[in-house]
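A quick write-up on the structure given underneath.
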Amino acid sequence: MTPDHGASRLWLHDPGTADPQLAITFVTRCAEAFGLTGRWGFQWAGIASDPVVDGFSGGAHVLDLATGETIAWTSTGRWLADHLAEGGAR
Numbered sequence: 006m007t008p009d010h011g012a013s014r015l016w017l018h019d020p021g022t023a024d025p026q027l028a029i030t031f032v033t034r035c036a037e038a039f040g041l042t043g044r045w046g047f048q049w050a051g052i053a054s055d056p057v058v059d060g061f062s063g064g065a066h067v068l069d070l071a072t073g074e075t076i077a078w079t080s081t082g083r084w085l086a087d088h089l090a091e092g093g094a095r
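In this text, residue positions in the sequence shown follow this note's numbering: the first is 6, and each later residue adds one.
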């Protein structure tokens, strides 16, 4: 975590393969400890170190801090697969 991006932003970086669930767990524990409420969300990106097919992934997640429940989420891979399947892509 780095504070370089301001008090309202959380920047997490992993040179390996990061798991978005770790960010969710961290934030829900902070919300419980500090009595935080409202919605909180984040975006993530996975970028290959070398140019390769399917070398990018990402998504977004929105949480209810009071309950720790997921309100909505999406991943770019799932979104693309769903929309291609609707059109009969192979």
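Where is the CB? At the ideal position from N, CA and C, for every residue including glycine.
Notebook entry, point to check: What are the residues that DSSP puts in a beta bridge with L68?
Noted result: Residue pairing for L68: DSSP places it in a beta bridge opposite W45, T75.
Quiz prompt | Simplified DSSP assignment, three categories, for G82 | solution = Of the three classes helix, strand and coil, the one that applies to G82 here is helix, per DSSP.
- Option in G63, G46, E37 with minimal Cα separation from A23: Nearest in C-alpha terms to A23, of all of G63, G46, E37, is G63.
Less than 8 Å between the C-beta atoms of V32 and W45, yes or no?
For the 8 Å CB-CB criterion, V32 and W45 form a contact.
Would you call the CB atoms of G60 and I52 closer than 8 Å? Between G60 and I52, the CB-CB gap stays under 8 Å.
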